[in-house]
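Reading through the structure tokens given below for one structure.
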Amino acid sequence: PRRDDRVPRLERSEVQHLEMISGCSYVRPLFGYGKREVERLSGRLLVVRYGETGSIGNGDYEGEIRDALRARGIDSASFFPPGHLQSLVVGRKDT
């Protein structure tokens, strides 16, 4: 749509509610994709491995922050949620 369009748009909470009750994916590329839709799309083409932070390699900055906190004698658990899952693309699926 044009930047100045006056087309009705759903708010984020409305989008989440619609997806939750209907099982659909509301896609507006510049608005962003929901987690379920990202997993569905990536699952068609990519091999993705999931694991708790620290148990799988990733390009995320979180590992470096945890290491820096540990080096200062600070427990990183108070800064990050427990059981935080990461994803790592490990290959492409044969299509």
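The sequence shown begins at 1319 in my numbering and counts up one residue at a time.
Where a beta carbon is used, it is the ideal one built from N, C-alpha and C, also for glycine.
Taking 7 Å as the cut-off, the Cβ atoms of leucine 1364 and valine 1333 do not count as close.
A Cβ-Cβ contact shorter than 7 Å links leucine 1387 with serine 1394. Looking at the DSSP output, glycine 1350 shares a beta bridge with Arg1346. Going by DSSP, serine 1340 is part of the alpha helix (DSSP H) stretching over 1330 to 1340. Of His1335, Val1345, Thr1371 and Arg1354, the smallest CA-CA separation from proline 1399 is found for Thr1371.
Per DSSP, the beta-bridge partners of arginine 1367 are Leu1406. Per DSSP, the unbroken alpha helix (DSSP H) holding alanine 1389 starts and ends at 1380 to 1389.
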